[in-house]
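Residue numbers (my numbering), protein chains in the order written: chain S, 16 to 319; chain R, 32 to 171. Even for Gly, the Cβ is constructed at its ideal location relative to N, Cα and C.
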Amino acid sequence: MRNLIDILDLTTTEIDELVSVANDIIDNPQNYAHKCQGKKLATLFFEPSTRTRLSFEAAMYELGGNVLGFSEAQSSSSAKGESVADTVKVVGYYADIIAMRHPKEGAPLVASMHAGIPVINAGDGGHNHPTQTLTDLLTINREKGRFNNLTVGFCGDLKFGRTVHSLIGALSRYENVKFVLVSPNELTLPEYIIQEVIEKNNIEFVQTTNLEEVMPELDILYMTRVQRERFFNEQDYIRLKDSYILTPEKLENAKKDMCILHPLPRVNEIAVAVDNDSRAKYFEQAKNGKYIRMALILKLLEVE
Amino acid sequence: MTISPIENGIVLDHITAGKGMELYKALGLSELDCLVAVINNAYSRKMPGGKKDIIKIDAEIELNLDIIGYFDPGITVNVIKNGVNTKLPKIDAPKEIRDLIKCKNPRCITSVEQELPHVFKLTDSENMVYRCIYCETKAK
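Here is the structure:
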């Protein structure tokens, strides 16, 4: 039985397979409409989410399956003090697969040890968010047609941005990838990711605080939101939240075929005026999230 | 100062100077009712600064070698039987340690679920880096 806790649980070959199935689902949705008939997905969301939960639910419905679950910890027995292990042990009797979001890091790993059914990590605190990474990879594949030979800029909160950490891990396995890390000094990429992921894989990278300066180099610009919920101190959040705001003016020197991604939700880090730019792919990216999750559910449920 | 030789027991040698008491506690040696000597700052030709700590245990006991390997794989374990000293092969750093240290990350699931075992995996053997299996925080 397979789980998806960390994006690196999947080999690059498996990622290629998932991307290929997702592309086929986009082209031929009717072929997949009954693949999961009689199967149930449990969405256990101990932390609020819009896109991730709805895309998982839409994915399962479009595969002909059903969905059960909860969307906040208060409406689950964890509010009464139940452990993650006990909760998922019981859910394992009712459902065929679990998608779980939890504010504490490592909770989905604990779930995978006790559920008896496949567990998908739908985000654990500031740690991992592998299905967002699959979404990002599908979008990169559809927009660029490749995962190698890319200069990828990450901008904003690189310290707590779990989507950034996971995507860097995933892209580090491809050839001739360069990372441009743009963040305020307080929100730089954690040292262990630089040492144990980027440097270990001999990936070229630069760190800067100036987005405009590096803009012309980028094939992909991955913007992130400074997340209020990751700060223990409200004052730090207020001080850093407006560090980078992407506007049409800042894009003037960008490549004509650069691709702007963002895991969403956006607050104000991308001006609404940028949405009309043909390079803005973040809503497309959100749409792709449903298709790659469909492919993932099929894989973990071992549905042919 | 002289400490008499052991006839049957264990000598932990080449402990980094100043770390002897820490290892004594980690191994739970205070629970023993036999004679245990912790020698600090003994002269050493091999060790940096020319000093080392030594622990002598005057009984044949089962030691958790994983604790010693995690603490410092450079420590030498000598088992003495009837006055004959046998040096154990070099201890490797354990691949995994369980409930020896606690994860300090307040965002880790172990910070709220007390029943979970605290498990760390060796992720970088060259630099002896252990990370929590749940949140990947580096052990301090």
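Residue range of the unbroken alpha helix (DSSP H) whose run includes residue i
| i | result |
| --- | --- |
| Tyr306/S | 297-315 |
| Ile37/R | Where Ile37/R is concerned, there is no enclosing alpha helix (DSSP H), given that its DSSP letter is neither H nor E. |
| Gly184/S | 177-186 |
| Glu227/S | 226-229 |
| Lys104/S | 99-109 |
Helix, strand or coil at residue i [DSSP, three-state]
| i | result |
| --- | --- |
| Val34/S | helix |
| Asn95/R | coil |
| Met238/S | strand |
| Phe4/S | For chain S, the structure presents residues 16 to 319; residue 4/S sits outside this window and is missing. |
| Tyr161/R | strand |
| Met115/S | strand |
| Asp39/S | helix |
| Asn248/S | coil |
| Tyr189/S | coil |
| Val282/S | coil |
| Ile20/S | coil |
| Glu77/S | helix |
| Val318/S | coil |
| Thr28/S | helix |
| Glu219/S | strand |
| Lys77/R | coil |
| Lys169/R | strand |
| Leu233/S | coil |
| Asp292/S | coil |
| Leu266/S | helix |
Pair within 8 Å by beta-carbon distance, residue i and residue j
| i | j | result |
| --- | --- | --- |
| Gly140/S | Glu120/S | yes |
| Pro123/S | Val134/S | yes |
| Ala37/S | Met309/S | yes |
| Leu78/S | Tyr47/S | yes |
| Ile106/R | Ile122/R | yes |
| Ser187/S | Ile209/S | no |
| Phe169/S | Leu196/S | yes |
| Leu261/S | Glu284/S | yes |
| Ile46/R | Asp103/R | yes |
| Ser258/S | Pro199/S | yes |
| Asp234/S | Lys159/S | yes |
| Cys166/R | His142/S | yes |
| Ser93/S | Pro63/S | no |
| Asn191/S | Val34/S | no |
| Arg58/S | Ala100/S | Sequence check: residue 58/S is Thr here, not Arg. No, the Cβ-Cβ distance between Thr58/S and Ala100/S is not below 8 Å. |
| Asn71/R | Gly51/R | yes |
| Glu211/S | Asp155/R | yes |
Selected residue, minimal CA-CA separation from residue i, among the options
| i | options | result |
| --- | --- | --- |
| Asn268/S | Leu226/S, Gly304/S, Gln250/S | Leu226/S |
| Thr102/S | Met128/S, Gly79/S, Leu78/S, Val82/S | Met128/S |
| Asp151/S | Lys296/S, Arg240/S, Leu313/S | Lys296/S |
| Ile86/R | Glu167/R, Asn109/R, Thr117/R, Pro79/R | Asn109/R |
| Tyr74/R | Cys139/R, Asp84/R, Val115/R, Gly51/R | Asp84/R |
| Asp64/R | Tyr165/R, Glu91/R, Lys118/R | Glu91/R |
| Asp290/S | Asn303/S, Glu97/S, Pro263/S, Glu232/S | Pro263/S |
| Ala130/S | Thr154/S, Ser98/S, Pro145/S, Glu158/S | Ser98/S |
| Gln147/S | Thr27/S, Leu182/S, Thr166/S, Ala286/S | Leu182/S |
| Pro280/S | Ala301/S, Lys265/S, Phe175/S, Ala100/S | Ala301/S |
| Asn163/S | Phe175/S, Lys193/S, Thr178/S, Thr154/S | Lys193/S |
| Val42/R | Ala124/R, Val143/R, Ile111/R, Leu147/R | Ile111/R |
| Ser293/S | Cys274/S, Val287/S, Gly171/S | Cys274/S |
| Gly53/S | Met75/S, Asn43/S, Lys215/S | Met75/S |
| Ala288/S | Thr28/S, Leu266/S, Lys270/S | Leu266/S |
| Thr154/S | Ile307/S, Leu313/S, Leu315/S | Ile307/S |
| Leu313/S | Leu202/S, Glu29/S, Thr239/S, Arg116/S | Glu29/S |
| Pro278/S | Asn216/S, Leu315/S, Ser70/S | Ser70/S |
| Pro36/R | Pro79/R, Lys82/R, Gly114/R | Gly114/R |
| Gly84/S | Gly96/S, Arg66/S, Ile112/S, Lys95/S | Ile112/S |
| Tyr101/R | Ile128/R, Pro120/R, Glu146/R, Ile164/R | Ile128/R |
Extent of the continuous beta strand (DSSP E) to which residue i belongs
| i | result |
| --- | --- |
| Asn109/R | 107-112 |
| Ala57/R | Run containing Ala57/R: none in the beta strand (DSSP E); it sits in the alpha helix (DSSP H), 51-57. |
| Leu56/S | 55-60 |
| Tyr74/R | 67-74 |
| Val212/S | That residue, Val212/S, is in no beta strand (DSSP E); it is neither H nor E in DSSP. |
| Lys152/R | 150-155 |
| Val82/S | 81-85 |
| Glu120/S | Segment: none, Glu120/S is in no beta strand (DSSP E) and carries neither H nor E. |
| Lys83/R | 82-88 |
Amino acids of chain A, ordered along the chain, whose beta-carbon sits closer than 7 Å to that of residue i
| i | result |
| --- | --- |
| Gly140/S | The chain inventory of the structure shown lacks chain A, comprising the protein chains S and R. |
Residue i: CB within 7 Å of a non-hydrogen atom of the ligand MN
| i | result |
| --- | --- |
| Gly176/S | As for the ligand MN, it is missing from this structure, which has no ligand bound. |
Worksheet entry | Contained beta strand (DSSP E) runs [length at least 3] in the stretch 124-169 of chain S, N- to C-terminal order | Correct list: 134-139.
Worksheet item: If you scan the stretch 116-144 of chain R from start to end, which runs of the alpha helix (DSSP H) of 4 or more residues do you find wholly inside it?
Response: Listed in chain order, nothing qualifies, since the stretch 116-144 of chain R has no complete alpha helix (DSSP H) run of 4 or more residues.
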